[in-house]
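Just so we're aligned: 685 in our numbering is position 698 of the sequence shown, and the numbers increase by one with no gaps anywhere.
Step one of this worksheet: look at the structure below.
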Amino acid sequence: MKRLGFLFLASILLLPNAAPAQVASPAPAASAPAEAAGVVRETLANGLRVIVLPNKLAPVATTYVSYGVGSDDDTMPGIAHATEHMLFRGTSDVSGGQLADIAARMGAEYNAFTTDQYTLYYYKFPAAYADVVLHLEADRMANAAIRAQDWATERGAIEQEIRAQESRPLHAVSMKLRERFFAGTPFATASAGTVPSFEKMTADDIRAFYRAWYKPSNATLIVAGDVDPQRTLADVHRHFDAIPAGEVPARKPIEVPPLASSSLEEPIDFPVGVGVLAYRQPGSNDADYAASRVLAQVFSSGRGVLADLTATGKTLGVLSFTNQYPEMGAGFLLAIPARGSTPQAAQSLLSGVLDDYRTNGVPAELIDAARTRLLSEQAYQQSSISGLGLAWADANAQHRTPDAVYAAIANVTADDVNRVLRTYYTADHRLSIVLTPKPSSTVPKTDPSAGIEHVGFTPTMHEPLPAWAQSALKAPLHPPSGEIGARPHRLANGMRYAVRRETAAPTVVVSGVIRTSPLLYEPKGKDGVHLLVDALLPWGTTTYDRKGYEAQLDAIAASAALGESFALKVQAKDFERGIALLADGMLHPAFAPSAFAIVRANTMQSVALADKLPKTKAELAQRLALYPAGDPRRRDVTEQTIAGSSLDDAKRWYRFAFRPDETTLAIVGDVAPERADAAIRKYFGAWKAAGAPPSFRFPQLRAKAKQAQTVTVKVPTNVQSEVTLKQVFPMRRDDADYVPLLLANTMLSGEGTGSLLMEELRTHRGYVYTADSDFNVNAAGAEFSISFSSDPKNVGRANAAVVAMIKRLQSAPLSAVELQRAKALLLAQRVLPLDSYAGVAADMLAGVKDGYTESDESWFWNALLRTTPGQIQHALRRIDADHFVRVIVEPGS
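Laid out in structure tokens, this is it:
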């Protein structure tokens, strides 16, 4: 599906400090729920603050350890960031390789990130391993080794991370904007560090920084999930009590000079321009901070004047970003001009909206709706274990109590919001940015790893684990309990649904999928008409117009997404009203001609931009090479096919594809099954299908690839080559080789930097920067691929190494230890997402789009646990290593 997401554009543009900023949304980034039932809070004698948040939603737990030190405290550029990396390279008790091995055997996800003011480390893992993670965190709080030889190798990884950030197409522009916007503050510099600084930095420098700041008195430990609070607290005492408290250096106060009005115009190697307005906002310590949060929520409202700019076709899209520090905040408004317009005109539209708000005031109904939505997050945040923990971590980092956050928001008045707008959003104190496009340019390729922490460590040799870890990890693997799903129901019209009652939060999540196949059934020359239908549904119903529908959702602080995949998030007390609105949006779309004209124009522009993406070009080239002439999988959505689709075409597709007998719902949350059943029958029971159901039968795939093929895509903005090797072959999920191939894929790439591909291609041979694999089975068959990025000179050698690896795995079985790690990882990958209502709902719908509707997955878990090395060896012989279709995206024109 071709959609050029506006968040993608924002990531390309990389506004000053926009990476950690959050798109304005109902979720308050710096707040946490009030004192929920069962929460345990204690401060140890050494000053460590401990918060335990029990949540029995899934057998999953999350830990966050937040240290009150960040890049503002750097003694040399990037040293806080370097310290974060080195805490994954081992302690006096556990080496970096052993730490990575322990995480893999738990099936844990883990990472860390450094902000200007704090550094956060997190693990997400099966809850049975909580004590193991507490042991690891206590050990590195007190005993990080930070050896010179480890820094010598980690320096290369962190410098590569910095170079990836600097390779973003607009890095130089974004740094210029940051320096100007944050002038006179520590926020004006690159917080992650610089390559020259890391070249000068020594392990002794990092160790001194670590010893100065990494103290229990400067840290908070949060444990959320399926844990017993008192037992967890006892384990915390056992691991952390012996660590001395210590004192941390005094901080210099940060003075924030006023922002003088200025403007900046820069050409960019991008096919569309952007107009931006940047303003200072109250910091999180300011009395007006809560009012600024409400104002940011108003800016994101679908009923606001900013949204009208897109709804009337004046812009392709408008985004609002916010970010805050204790001393100051930042607000950015970004407008992407519609075709035929200019960035200057788009920026002028933004300015006009703000002028109107300053003159006439922000509409009171939008302020009320924004405040209600922000307050509702107090309930919604409890429906996610990791989200709940992170919310508390954010609040703690800003030294705010959970109760105080929501009390401040509840007390915000319309006068407060208008005062903030008129004080901060003024022409005298703003930075105006115009980024003008180069019409002939393509959308530049960005490193997907840029700006993402990579703290994983690839062991260079096998090391036996410490005795305590061996004991903790020796328990046999067990599949999750059978309570994940729920008994399916079917209405008379064929619609399927299932309800899972959960009481962790007084909210409900509804997720729905309609099985469709545009590739098989869209009329010739009208490819993409399904995109128009999905885009039209939010534009109102026969009951409410676009703003009226948004107002109804605002009234109950609910959110709804409409389309072939649809969803509802609603408080339990408003469940019936939410279902009524969801059904109205799905069953009674207005299909207004005026809306269609704007949607089609915007979709044409988005598709035209997407077609310039190197990824889009490569995917099309790959499909053309994989499938023979006439195969529907060769079809492509273009600007011309969108232009050739009419409103009547959209209506016909809706009548054909949106049918109850191809629809499945998952309902998760604090709602009794009987209550959910009554609502679904009332609001969806009268839905009728038109005509016979579609068959979804694709042409038969060849059992083996016919020949090897190479397709090359030249991209002027690329600095490295990106290679994908792919095969397709017939397979269903009940095939005996399905689970073994899933395990093989997990061993190839599931452990990140510790995976077989990364060990072979990067650690041992140094051919690639990144490597990955993918295996997927859907209604059309199986797809297996391996991808890597490398210098152009290494493409052939890396390709040969991949082929040799596949052949080696086909000829000799893997060790039992490697297989056990893969099983643990695959089990965890299926269990860890269940830590939220949305994750449970997604699991209940897994496979539905491909026609798999079975609710009992015991067969999968049994097959997984029984799989042997020999079965994996046999299954891999389905891959013809000599006949991959290879697509190379390389520098050049």
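C-beta: ideal position from N, C-alpha, C; glycine also.
Small disclaimer: the values here were computed from a predicted structure and weren't measured.
Contact belief for S287 with S271 at Cβ below 8 Å, rounded distance in angstroms: Contact between S287 and S271 does not hold, since the beta-carbon distance rounds to 19 Å and is not under 8 Å.
A67 beta carbon less than 8 Å from that of T106: Yes, they are a contact pair.
Identified DSSP bridge partners for N765: Under DSSP, N765 takes part in a beta bridge, and its partners are G768.
Beta-carbon gap between A767 and F643 smaller than 8 Å: No, Cβ-Cβ distance for A767 and F643 is not below 8 Å.
Inter-residue Cα distance where the pair is Q707 and F185: Going by C-alpha positions, Q707 is about 23 Å away from F185.
The stretch 662 to 675 touching the stretch 561 to 569, judged by at least three CB pairs closer than 8 Å: With the rule of 3 Cβ pairs closer than 8 Å, the stretch 662 to 675 counts as touching the stretch 561 to 569.
C-alpha distance - D724 paired with E352, whole-angstrom precision: The straight-line gap from Cα to Cα measures roughly 58 Å.
Q627 classed as buried or exposed, judged by whether at least 16 other C-beta atoms fall within 10 angstroms: Label assigned to Q627: exposed.
Buried versus exposed call for Q858 [16 or more other C-beta atoms within 10 Å across all chains shown]: Buried.
For K163 and E770, the rounded distance between their alpha carbons: Their Cα atoms are separated by approximately 44 Å.
Cβ neighbours of L728 in the same chain (closer than 6 Å, five flanking residues each side left out): Once the five neighbours on either side are set aside, the close Cβ partners of L728 are F762, A862.
Three-pair Cβ contact test at 8 Å for the stretch 324 to 331 versus the stretch 256 to 272: Judged by Cβ distances under 8 Å, the stretch 324 to 331 makes contact with the stretch 256 to 272, as three or more pairs qualify.
For A829, the nearest candidate out of S880, P525, A616, V500 (CA to CA): When S880, P525, A616, V500 are compared, the shortest CA-CA separation from A829 is found for V500.
DSSP beta-bridge partners of Y51: The partner list for Y51 (beta bridge, DSSP) reads Y109, I209.
Option in V655, G753, A785 with minimal Cα separation from L832: Answer by Cα proximity: V655.
Opposing strand residues paired with Y484 [DSSP bridges]: According to DSSP, which records beta bridges pairwise, Y484 is partnered with H476, L652.
Beta strand (DSSP E) segments (min. 3 residues) lying fully within the stretch 523 to 548: Runs of the beta strand (DSSP E) inside the stretch 523 to 548: 546 to 548.
Neighbour-count burial assignment, S498, 16 or more Cβ in a 10 Å radius: Counting C-beta atoms within 10 angstroms of its own C-beta, S498 has 16 or more neighbours from the protein chains shown and is therefore classed as buried.
Spatially closest choice to H224 from P203, I145, L540, by CA coordinates: Sorting P203, I145, L540 by C-alpha distance to the C-alpha of H224 places P203 at the top.
Where the beta strand (DSSP E) through Y97 begins and ends: Judged by DSSP secondary structure, Y97 falls within the beta strand (DSSP E) whose first and last residues are 96 to 101.
Beta-carbon gap between T854 and V726 smaller than 8 Å: Going by C-beta atoms, T854 is nearer than 8 Å to V726.
N-terminal and C-terminal residue of the alpha helix (DSSP H) that K669 is part of: Under the DSSP assignment, K669 falls in the alpha helix (DSSP H) whose first and last residues are 660 to 671.
Straight-line Cα distance separating P878 from H870: One Cα belongs to H870, the other to P878, and the distance between them is close to 25 Å.
Three-way DSSP call (helix, strand, coil) for S419 in this model: In the three-state reduction of the DSSP assignment, S419 falls in the strand class, which pools E and B.
Alpha carbon of Q9 to alpha carbon of Y266, nearest angstrom: With a pLDDT of only 29 at Q9, under the threshold of 50, the placement of this residue in the model should not be trusted, and no figure is reported.
Residues near Q147 by beta carbon distance below 6 Å, same chain, minus five either side: There are no such residues.
Selection from P64, I543, H416, R28 that minimises the alpha carbon distance to A366: Answer by Cα proximity: I543.
Inter-stretch contact (C-beta, 8 Å, three-pair minimum) for the stretch 302 to 317 and the stretch 342 to 352: No contact exists between the stretch 302 to 317 and the stretch 342 to 352.
Rounded separation between P779 and S161 - CA only: Going by C-alpha positions, P779 is about 28 Å away from S161.
Selected residue, minimal CA-CA separation from W379, among G515, L40, L819: Closest by alpha carbon: L40.
Meets three-Cβ-pair contact criterion under 8 Å: the stretch 794 to 813 and the stretch 86 to 94: The answer is yes - the stretch 86 to 94 touches the stretch 794 to 813, with three or more Cβ pairs under 8 Å.
Sub-8 Å separation of T49 and Y108 beta-carbons: The answer is no: Cβ separation not under 8 Å.
Q627, enclosing alpha helix (DSSP H) - first and last residue: Looking at the DSSP string, the run of the alpha helix (DSSP H) that includes Q627 is 626 to 630.
Environment of W138 [buried if 16+ CB atoms lie within 10 Å]: Residue environment analysis places W138 among the buried positions, since at least 16 neighbouring C-beta atoms fall within 10 angstroms of its C-beta.
Short Cβ contact (8 Å threshold) for P46 with D213: Annotated as proximal: P46 and D213, with beta-carbon spacing under 8 Å.
Residues of its chain near D80, where Cβ-Cβ distance is below 6 Å and the 5 sequence neighbours each way are ignored: For D80, same chain residues with a beta-carbon under 6 Å away, outside a window of 5 residues either side, are D126 in chain order.
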